[in-house]
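Once you know that position 277 of the sequence shown is 277 in full-length UniProt numbering, the rest is easy, because the numbers rise by one and skip nothing. One structure is given here, and the rest of the page talks about it.
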Amino acid sequence: MDGEERIPFHSYITYEDAPPYTSSQAALLSRFTQLPTELQLRVLDFCSAPTLYRMMHISMLRNEAAKRFWSQPDTYYLVHARWLFSGGHAGYTCYDLSFMAYVQNVEIEYDPFCDNRIARVRGDDDYGVDYDKVRPFWRAFRTRFPRAKRVVFNKNWESWTPYDEPVAWTLKAIIETCPIDLEISAFALIEKSSGRGRRTVRPVAKNWHRVLFRLADDGRWREVTSSNFDRKTVLMPPKRFHGLVGEFKGILHRRDMIDLRKEGLRAIAIEALDRHYFWKEDPEPFHCPARGCHAYFEKAGQWTQHAAEAHMGDMLEAPPEILLRPVLQSLPRALQQDFEERKNNVIEGFEAEKGKLKKLFSDWNEEGGKKQRELERGFIHQLDNDEAWNTGVHVYNSALLREFRDMMDPRWAGY
Ligand SMILES: [Zn+2]
Numbered sequence: 001m002d003g004e005e006r007i008p009f010h011s012y013i014t015y016e017d018a019p020p021y022t023s024s025q026a027a028l029l030s031r032f033t034q035l036p037t038e039l040q041l042r043v044l045d046f047c048s049a050p051t052l053y054r055m056m057h058i059s060m061l062r063n064e065a066a067k068r069f070w071s072q073p074d075t076y077y078l079v080h081a082r083w084l085f086s087g088g089h090a091g092y093t094c095y096d097l098s099f100m101a102y103v104q105n106v107e108i109e110y111d112p113f114c115d116n117r118i119a120r121v122r123g124d125d126d127y128g129v130d131y132d133k134v135r136p137f138w139r140a141f142r143t144r145f146p147r148a149k150r151v152v153f154n155k156n157w158e159s160w161t162p163y164d165e166p167v168a169w170t171l172k173a174i175i176e177t178c179p180i181d182l183e184i185s186a187f188a189l190i191e192k193s194s195g196r197g198r199r200t201v202r203p204v205a206k207n208w209h210r211v212l213f214r215l216a217d218d219g220r221w222r223e224v225t226s227s228n229f230d231r232k233t234v235l236m237p238p239k240r241f242h243g244l245v246g247e248f249k250g251i252l253h254r255r256d257m258i259d260l261r262k263e264g265l266r267a268i269a270i271e272a273l274d275r276h277y278f279w280k281e282d283p284e285p286f287h288c289p290a291r292g293c294h295a296y297f298e299k300a301g302q303w304t305q306h307a308a309e310a311h312m313g314d315m316l317e318a319p320p321e322i323l324l325r326p327v328l329q330s331l332p333r334a335l336q337q338d339f340e341e342r343k344n345n346v347i348e349g350f351e352a353e354k355g356k357l358k359k360l361f362s363d364w365n366e367e368g369g370k371k372q373r374e375l376e377r378g379f380i381h382q383l384d385n386d387e388a389w390n391t392g393v394h395v396y397n398s399a400l401l402r403e404f405r406d407m408m409d410p411r412w413a414g415y
């Protein structure tokens, strides 16, 4: 969701300042394993996720390390509600299903598609939830996350609600019908002093808060945190992209990841400017770097909020190199270079994936149609036989086949 941090699994298990592996470390590990078991376990309690992950693979304490790794209280693994609503089929996710089976803390991204799927609204007093569409959600959840203990629904958008309650009525219906023993919370977007009436004025960013709620036994929402909810939201590792279907979906998955990095770069550049002027002994007020804008910032955080409120439109439309230019030019040279490098990595990565997709596209559209027939046959055969890409329907009704054909069509303009 816009502006929220997502951590790829490989970064989550990587040390921020990785020490080079030396023989003295090996000696240290060997001395550690000679400690009494009780002490070793005590040490494990203080280990970071990257260390626990390593211990899970090398040490005699792998089971104990794994227990701690999977139950890290502030780490949540992200999954999209819409995938669970559509049955949680292997073919419609790029995440590793065997990894999913170990996950204990799940963050479910709840987007407007989910409301459209289950809400029946015909008027202000005529609304309901289609429970037949909620049940498959929990069935899919239970199959994919058999070890789950804690679930957070993340709903970061405003929706119409018939009740004066902080969490959407549709989300409440889903939570109330959970058939398994889970600790469920809803991370909601709340507007200060809002009634249930329709909006008449433009929302102001500073009036909005993110609050974590839990449903009490009496059916009311109880605030768990009153301001934000600190956690690490981790993107699970991808599955193996083998075969033609894997090649195609792998390209799309990596492009999605690059898009996230691109978005992240904007947020980091904006934040960097704020820190450059205010995170020092003598804070320096400054003018908005956007051309034609005369806003002036005297306190930390004002610029970030202003950028979100006043320049969000330009930010979403303009490519990062154009939008960020005035922001980057205001930063010290070393930081500028660092951003430049990151930006180039993102662009190069994107171009590389685009090249792979174009190769498939030109093979498919080669004259004579021989390659197209081969590709199509291969794609269908894999969909029909490979569990990793099962979509729960006959191969000819599979949305994966439709997506592949659409994107190979010469009229496709999505590159
Ligand atoms: Zn401005």
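Don't be surprised by glycine CBs; every beta carbon is placed ideally from N, CA and C.
| query | result |
| --- | --- |
| Taking the alpha carbon of C94 as the point to measure from, which residue in Y102, V103, W83 and Q104 has its own alpha carbon closest? | W83 |
| Provide the residue span of the alpha helix (DSSP H) that contains A66, from first to last. | R62 to W70 |
| Does DSSP classify L357 as helix, strand or coil? | helix |
| Taking Y102 and V234 to be in contact with their CB atoms under 8 Å, please state how far apart those CB atoms are, rounded to whole angstroms. | Wrong, their Cβ atoms sit about 13 Å apart, outside the cutoff. |
| Mapping DSSP to helix, strand and coil, what is N154? | strand |
| Could you check if I251 is buried or exposed, using at least 16 other CB atoms within 10 Å of its CB as the buried criterion? | buried |
| Per DSSP, which residues does G3 bridge with? Please list them. | In DSSP, G3 forms no bridge with anything. |
| Reducing DSSP to helix, strand and coil, say where N345 ends up. | helix |
| Are the Cβ atoms of F187 and V151 separated by less than 8 Å? | no |
| Taking the DSSP output, what are the residues bridged to A119? | V129 |
| Check each residue's C-beta against every heavy atom of ligand 1 and list, in chain order, those closer than 6 Å. | C288, A290, C293, A295, H306, A310 and H311 |
| Quick check on the burial criterion: 16 or more other C-beta atoms within 10 angstroms. Buried or exposed for K192? | exposed |
| Between P179 and the rest of its own chain, which residues show a CB-CB distance below 7 Å, the 5 nearest in sequence each way excluded? | W138 |
| Which runs of the beta strand (DSSP E) fall wholly inside the stretch 6–61 and span at least 3 residues, in chain order? | none |
| Rounding to the nearest angstrom, what Cα-Cα distance links E247 and N397 in this structure? | 20 Å |
| Which residue spans inside the stretch 374–412 form an unbroken beta strand (DSSP E) run of at least 3? | none |
| Which value, in whole angstroms, describes the spacing of the CA atoms of W389 and V79? | 17 Å |
| Who are the near neighbours of H89 in its chain, counting only those whose CB is closer than 7 Å to its CB and skipping five residues on each side? | N390, T391 and G392 |
| How about A300 and D274: are their beta carbons less than 8 Å apart? | yes |
| To the nearest angstrom, how far is the alpha carbon of S98 from that of S86? | 19 Å |
| Just checking my contact of S159 with D125 at CB under 8 Å: how many whole Å lie between their CB atoms? | Not quite, the Cβ-Cβ distance comes to about 17 Å (not below 8 Å), so this is no contact. |
| Considering only the beta carbon of each residue, do R6 and L260 sit closer than 8 Å? | yes |
| Using a Cβ cut-off of 8 Å (strictly closer), state whether E4 contacts chain C. | Looking at the structure shown, chain C is missing, and only one protein chain is on hand. |
| Just curious, the beta strand (DSSP E) that H209 is in, first and last residue? | W208 to L215 |
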